[in-house]
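Residue numbers for the sequence shown follow UniProt numbering, so the first one is 1 and each next one is one higher.
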Amino acid sequence: MDRTTPDSTTEEPRWIKSSYSGPGGNECVEISGAGTGVGIRDSKAPQGPVLRFSPEAFASFVSGLKERRGV
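Right, here's the structure in full:
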């Protein structure tokens, strides 16, 4: 996992929110699959730091969440 802050020299990634987001749209995390990994950020602070994971690490994280929820 890398913790980075976006800068103006990189291409702006496309961020998506969960369909389960609240009506205001600012009560969740956003993810982006841009580049060689998956980025996660707080929707309330889009210019703030981004957590970056390898695709494998993110897939393992999601799989663990699904197992915990019984999905």
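C-beta atoms are modelled at their ideal positions from N, C-alpha and C, and glycine is treated no differently. This one's a predicted model, so the numbers in the text were calculated from it and none came from an experiment.
Collapsed DSSP secondary structure at residue i in the structure displayed
i     : result
Arg14 : coil
Ser54 : coil
Gly64 : helix
Alpha carbon of residue i to alpha carbon of residue j, nearest angstrom
i     : j     : result
Pro13 : Leu65 : 25 Å
Gly37 : Arg68 : 24 Å
Lys17 : Pro49 : 17 Å
Among the options, nearest to residue i - alpha-carbon criterion
i     : options                    : result
Cys28 : Ala45, Ala57, Glu67        : Ala45
Pro23 : Gly39, Trp15, Ser43        : Ser43
Gln53 : Ser18, Glu67, Gly35, Trp15 : According to the sequence provided, residue 53 is Phe. The question's Gln does not apply to it. Among Ser18, Glu67, Gly35, Trp15, the Cα nearest to that of Phe53 is on Gly35.
Glu56 : Ile16, Arg68, Gly39, Ser18 : Gly39
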